[in-house]
Amino acid sequence: MENINFIFPEIFISLSIMFLLVFGVFKKNSSSMVYSLTIITLIIALGLIINFPKDQEIYLFNNSYKIDQLSIFMKVITIVSGIFVLVSSYNYTKLEKISNIEYSILILCSILGMLVMIGSYDLIVFYIGLELQSLSLYVLAAFNRNKKQSSEAGLKYFILSALSSGLLLYGCSLIYGFSGSTNFYF
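Shown next as structure tokens:
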């Protein structure tokens with residue numbers, strides 16, 4: 418538990434998601450405030466990730482989560498891309514009258530799933546991150562309820578992802594059966 422500070426960006430984003438959900442429910446007309454707080458959350462998480470030690474490999478949770486230079490670099494790229502997506506889609510959400518509260522929180526959930534996948538060093542942790550990211554993107558694909566194409570895209574994405582998720586789990590079970598472990602280093 419002494420290395421729990423190395424997953425603090427993921428914990429911070431998780432707590433921010435919960436706070437923003439509660440804040441959005443109880444405060445009326447808070448879409449721009451939630452949007453701004455989402456970007457601030459990502460900037461703080463970026464600062465936390467940049468302050469990681471760059472010269473060592475850290476293994477957490479029985480070698481199921483790994484932090485090294487490559488994962489730090491990829492997490493930085495993911496968070497910067499998330500900030501860019503939020504900033505560039507702000508005018509689109511206003512133009513299409515899409516609720517910014519749920520939109521920005523779903524983007525944050527998707528980024529959290531990506532961060533978990535980047536740091537995963539185990540098939541089970543990778544699958545949890547993949548599903549967290551995918552579930553957020555299902556909803557984002559079908560987010561514009563006024564357009565038929567949006568609902569169709571969300572349904573197609575869900576069906577395709579359910580099939581691929583089943584195949585991935587089948588492959589993971591084969592790997593576990595042959596190697597006796599779900600870690601990536603075997």
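The sequence shown begins at 418 in the numbering used here and counts up by one.
For glycine and all other residues, C-beta sits at the position ideal for the given N, C-alpha and C.
- Between the alpha carbons of Ser553 and Leu547 lies a gap of roughly 10 angstroms.
- By the Cβ-count criterion, Tyr509 is exposed, with fewer than 16 other Cβ atoms from all chains shown falling within 10 Å of its own Cβ.
- For Ile515, the secondary structure class from DSSP, reduced to helix, strand or coil, is coil.
- Sequence-distant partners of Leu523 (beyond 5 residues in either direction) whose C-beta falls short of 6 angstroms from its own C-beta, in its chain, are Ser553, Val556, Leu557.
- Listed in chain order, the alpha helix (DSSP H) elements of length 4 or more contained wholly in the segment 427-500 are 448-467.
- Taking the CA atoms as reference points, Phe543 sits about 7 angstroms from Val533.
- If you draw a straight line from the Cα of Ile430 to the Cα of Thr455, it comes to about 9 angstroms.
- Excluding residues up to 5 positions away in sequence, Leu463, Ile466, Ile467 lie with their Cβ nearer than 8 angstroms to the Cβ of Val493 in the same chain.
- For Gly583, the enclosing alpha helix (DSSP H) stretches over residues 565-596.
- Bounds of the alpha helix (DSSP H) holding Ile541 are 540-558.
- When DSSP states are grouped into helix, strand and coil, Asn600 belongs to the strand group.
- Taking a contact as a CB-CB distance under 8 angstroms, the pair Leu503 and Thr599 does not count as one, their CB atoms being some 34 angstroms apart.
- Under DSSP, Ser537 forms a beta bridge with Tyr482.
- If you ignore the 5 residues before and after Ser447, its C-beta comes within less than 6 angstroms of the C-beta of Gly441, all in its own chain and listed in chain order.
- Cα atoms of Ser568 and Phe423: separation of roughly 39 angstroms, rounded to the nearest angstrom.
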